[in-house]
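In my numbering, the protein residues as written are 2 to 84.
Every residue gets a Cβ at the ideal spot worked out from N, C-alpha and C, and that includes glycine.
Owing to the predicted nature of the structure, the values given are computational and were not obtained by experimental measurement.
The structure appears below as structure tokens.
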Amino acid sequence: GGGQETMGLTTVTFFAHHGMVFVPMGYIDREKRFSFAEAHGGSAYGCGTFAGPDGMRQPSTLEKDLAVSQGKHFAVITAKLAK
């Protein structure tokens, strides 16, 4: 799964140049994040998926669930910032 952390790190610099806030996923939803039930993408910087060597693999249910968890986490943090 190379490149997934690199993408997160390089995105932070893009956001900083535009004055945007970056809310990393961290290690929320630990049961899913550290699941060994199946291979899945993502890192502490954010959710992700493995596309496979030909790019045909679609996100798994686990990867989609992690994306929902990150979205909820983002909403909580931004709501606090909006106060």
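Contact between the stretch 10-20 and the stretch 52-59 is absent: fewer than three C-beta pairs spanning the two stretches fall below 8 Å.
Shown here, S36 sits in coil according to DSSP, grouped into three states, outside any helix or strand. G20 sits in coil when the DSSP states are folded into three classes, being neither helix nor strand. Each of G20, A52, A45, T62 was checked against the Cα of H74, and the nearest Cα belongs to A45. Under the three-state reduction of DSSP, S70 is assigned to helix. Residue pairing for G47: DSSP places it in a beta bridge opposite S44. Excluding the 5 residues flanking it on each side, G9 has same chain C-beta neighbours closer than 8 Å at P25, S44, A45, Y46, G47, in chain order.
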